[in-house]
DNA sequence: AATAATTACCTTGTGTTGCAAGGTATTTAA
DNA sequence: TTAAATACCTTGCAACACAAGGTAATTATT
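Chains as they are written, first to last, in the numbering used here: chain A, 24 to 135; chain B, 24 to 135.
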């Protein structure tokens, strides 16, 4: 019914993906395909059907803005850029992430 | 429409909660209310409506078993216990968690 | 004895998220 | 002119967390 190992990873990605996107865009603007590559090279497998709706959601929430840019090879690219509101959200996410990492450490206790 | 800071935490909990439950039950058997308390003391806020379906899901997947035990104060308690299959799943989750922590570090890059 | 408080269990309905599996449009190479 | 590559996007589904309810057993209070 499910590939256990892959399902485990998929579930853990939830909620962390938005954090990853904002973190990537904090450094420099990027378009969807390049974000996919950066995630892939960081070992986080994400598919288009996940990323596009996510970017649109974050744009609708005012966390991102975008501009079109012609490409020398292929169709135009939609470059996303983090907004001030996005930076604030990212700050909250940094805190939330650190808290969760600490929580897991606490629960795993002396085992780890 | 949403409390941003709390929503961020709620989303990040997704997928990690199952990991927390198995980790808690790895150490010793426990019943729902005591699991709630342990999570709370580790700073992870979870409500009953989240925990009960989760325990039932994990039991149905064969990751947990349970037994009833009378209580000296109140109704009987349902003590959950991790199974061998649960331990295997926990092993996969340990790996998945470490991978995600590494991934975030990679993405945050030299910033952190 | 009747009522309230406490402790423990559980369910239903809703919104969010990730994914599989599709699709459209532009440019370049064959 | 056809195919390949690149880039965009949508629809339908399943899993999850949560709010807001509810039931049942024991003990304390009136």
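The beta carbon of each residue, even a glycine, is placed where N, CA and C say it ideally should be. Remember, it's a predicted structure, so these values are computed and weren't measured experimentally.
Across the region 74-108 of chain B, no CB contact with chain A closer than 7 angstroms is found for any residue.
Taking a Cβ-Cβ threshold of 7 angstroms, the residues of chain A close to residue 123 of chain B are 35 and 39, in chain order. In the three-state scheme derived from DSSP, where H, G and I count as helix and E and B as strand, residue 37 of chain A is classed as coil. Checking the DSSP bridge columns, you'll see residue 90 of chain A partnered with A:102. Between the region 30-41 of chain B and the region 94-106 of chain B, the count of C-beta pairs closer than 8 angstroms stays below three; the two stretches do not touch.
In the structure shown, residue 65 of chain A adopts coil according to DSSP, grouped into three states. Between residue 102 of chain B and residue 110 of chain B the beta-carbon gap is near 17 angstroms, outside 8 angstroms, which marks them as no contact. Look at residue 52 of chain A: its C-beta is not under 7 angstroms from any C-beta on chain B.
For residue 111 of chain A, the enclosing alpha helix (DSSP H) has its first and last residue at 107-131.
The beta carbons of residue 119 of chain B and residue 35 of chain A sit about 5 angstroms from each other, so the pair counts as a contact at 8 angstroms. The C-beta distance from residue 78 of chain B to residue 87 of chain B rounds to 7 angstroms, short enough to meet the 8 angstroms contact threshold.
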